[in-house]
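Each remark here refers to the structure printed beneath this line.
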Amino acid sequence: MRPPSPGDPANLELTASEMRGLADEVVARVVAHVATLATQPACGDVRAEALCRSLREATPEEPAAAAPLLDALFHEWIPRSFTAPHPGYLAYIPGGGLFPAALADFISAATNRFTGVWQAAPVLLQLEANALAWLRDWMQFPATTSGLFTTGGSMATFNAILCARERHLGRELRPGVLYASTQAHLSVAKSGKLAGIFDDRVRSIAVDAAFRMRPDALAAAVRADRARGLQPFLVVSSAGTTNTGAVDPLDAIADLCAAEGLWHHVDGAYGAFFHAVPALRPLLAGLSRADSLTLDPHKGLFLPYGTGALLVRDGAALRAAHDVPQAGYLPARPDSDDFYDPSVHGPDLSRGFPGLRVWLSVKLFGAARLRAAIAEKRELALEAAERIARIPGVVLDAAPQLSLFAFHLSWRGATVADENAATRALLERVTARGRVMLTGCAVDGRFLGRVCVLSFRTRRAQIDACVEDLATEAAGLVPRALAPR
Ligand SMILES: Cc1ncc(COP(=O)(O)O)c(C=O)c1O
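Read in order, the letters of the sequence shown correspond to residues 1423 to 1907 in my numbering.
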């Protein structure tokens, strides 16, 4: 890229050939990067303190050449991060990052249309409304539903809590009590706090042996709070927890919420997209009865990071949560709910075009292929869990309810501390081999290994690698003669 002409320093516009030249430089590197992901280590080298310090610099006054910057970015800096799009990334909750979604982001940013209000981009917003309606249909929510694309699951849950708060508490927030299991994602408590529901009004409900919220404990907690004069208003259940993949008994919780007059929000950031596959819906029975649902297309729909979504069964509640008098400088809002106005449904005004990455990905692949990929991830997880449970010394703590399972190492005579240390070492050693990346979680004093199969790039080869590497490293950590079977 040429620097702007020194004779016209205020000109920031590129010529057509400069745009093409710069885009070609970027695309060449992106394609090389994505096409070779499988040959990169599944966990990047993130020991980079010295590099971070060396990169601090004053604002550059003069233009730099693009090629050396891009080379450093792709060859030195991007690799110094978790390789989240790697096929062997079985850590945390993967997603992958579908390439068309990256192109959608490029189109959105390059064409830079304002999609904050309906009048500014009615046709583009129709595409976004279509994408939200597809999510609604996959989740079997009713036609009254309204939705919102957010930056992630956390912001979707935050907006859901606003809806429940507005509807049930109005301006009297302090008596309001929120319920979630001990295994709920941290975004629930954080969103509560942001919404004015502080930690003394958030109850952690006990779970059963499969890490699912216990409806009897929930009912008892609601009763106790009512007896104290407080106002139970919201239950957040999990359609797949991050720790072990547990799906709360959504139907039983929906019954309880209906009987008690509580808002039922389901956090489906990890698991909701399994509901898009009709054969898997029984695993999430009750999900479609929720008052609101968090989805994370950047997990279960395989999009790159940056897209969460919220569905609210009674769309009026989503609008009420964001309702303020219209500013005099803005166009009048559409007088019919027939058209989708994001500023009426969410907190943002100026925004890019977050719906395009969902819309373009679904259009280019078609829903059938996406469903096939989602279903395959569950099949692979079932197979992986079965094979890993047969490795001597491995104890399965949580079988896959969807596509995530948890385990630890155990042997006769070992203390919990020994087993925790060995399980931690197992994950580190397997990850250091470079074919798969695994992370664990601490639950009730136990450290558990986890495998989460959710990236579209994860296929049978990575499951084979995971099982082989776990078996090899477990053999070095568990004295075979002492393994408990
Ligand atoms: C179950 C669950 N809920 C919520 C979240 C938060 O989603 P996000 O990171 O997109 O904000 C996560 C993230 O991993 C999650 O696993």
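Think of the CB as a built atom: it goes at the ideal place given N, C-alpha and C, for glycine as much as any other residue.
CB of residue i within 7 Å of CB of residue j, strictly
i	j	result
Phe1878	Ala1789	no
Gly1871	Phe1829	yes
Ala1691	Asp1718	yes
Ala1582	Leu1732	yes
Ser1991	Pro1906	Because the chain spans 1423 through 1907 in this model, residue 1991 falls outside it and cannot be assessed.
Val1852	Asp1891	yes
Val1624	Leu1608	no
Asp1736	Thr1566	yes
Ala1553	Gly1777	yes
Gly1614	Leu1672	no
Arg1711	Ala1668	no
Arg1779	Leu1725	yes
Leu1706	Ala1661	yes
Pro1769	Gln1541	no
Val1784	Ser1568	no
Ser1758	Gly1538	no
Val1816	Ile1810	yes
Phe1787	Ala1807	no
Leu1860	Leu1876	no
Met1577	Gly1730	yes
Glu1588	Ala1742	yes
Glu1447	Ala1486	no
Tyr1762	Leu1436	no
Val1468	Arg1502	yes
Ser1659	Val1629	no
Ala1586	Leu1652	no
DSSP beta-bridge partners of residue i
i	result
Met1441	DSSP lists no partner for Met1441.
Ala1820	Ala1828
Ala1602	Ser1626 and Val1658
Met1859	Tyr1511
Leu1570	Leu1732
Thr1716	Asp1689 and Leu1732
Val1669	Ala1661
Phe1504	Cys1465
Residue i Cβ short of 6 Å to ligand 1 heavy atom set
i	result
Tyr1692	yes
Gly1667	no
Thr1664	yes
Ser1609	yes
Ser1877	no
Ser1576	yes
Thr1670	The sequence given here places Asp at residue 1670; Thr does not occur at that position. Answer for Asp1670: no, Cβ out of range of ligand 1.
Gly1730	yes
Asp1689	yes
Asp1718	yes
Ile1627	no
Val1515	Note on identity: in this sequence residue 1515 is Ile, with Val being the wrong assignment. Flag set: Cβ of Ile1515 near ligand 1.
Chain C contact for residue i (CB, 7 Å cutoff)
i	result
Ser1772	Of the protein chains in this structure there is only one, and it is not chain C.
Distance cut-off 6 Å: residue i Cβ against heavy atoms of ligand 3
i	result
Asp1647	Summarising the ligand content, the structure contains ligand 1 and does not contain ligand 3.
Contact between the segment 1511–1522 and the segment 1878–1893 is defined here as three or more beta-carbon pairs at a separation below 8 Å; is this criterion met?
Look at the beta carbons and you see the segment 1511–1522 touching the segment 1878–1893: at least three pairs across the two are nearer than 8 Å.
For the segment 1631–1638 against the segment 1590–1598, do three or more pairs of beta-carbon atoms, one drawn from each stretch, fall closer than 8 Å, so that the two count as touching?
By the Cβ rule, the segment 1631–1638 does not count as touching the segment 1590–1598, because fewer than three pairs are nearer than 8 Å.
I'd like the ranges of any beta strand (DSSP E) spanning at least 3 consecutive residues and lying wholly in the segment 1623–1653.
As for any beta strand (DSSP E) of minimum length 3 sitting wholly inside the segment 1623–1653, the runs are 1624–1627, ordered along the chain.
Would you be able to state if there are at least three C-beta pairs under 8 Å between the segment 1512–1528 and the segment 1680–1689?
The segment 1680–1689, when compared against the segment 1512–1528, does not touch it at the 8 Å Cβ threshold.
Do the segment 1748–1757 and the segment 1706–1717 make contact, defined as three or more Cβ pairs closer than 8 Å?
Using a C-beta cut-off of 8 Å, the segment 1748–1757 makes no contact with the segment 1706–1717, since fewer than three inter-stretch Cβ pairs fall below that distance.
If you scan the segment 1861–1894 from start to end, which runs of the alpha helix (DSSP H) of 4 or more residues do you find wholly inside it?
Within the segment 1861–1894, no complete alpha helix (DSSP H) run reaches 4 residues.
In chain order, which continuous runs of the beta strand (DSSP E) of length 3 or greater are located wholly inside the segment 1526–1593?
Taken in chain order, the complete beta strand (DSSP E) segments of 3 residues or longer contained in the segment 1526–1593 are 1568–1572.
Across the segment 1436–1451 and the segment 1490–1499, are there enough close Cβ pairs to call them in contact, namely three or more that are closer than 8 Å?
In short, these stretches touch, since the Cβ pair count reaches three.
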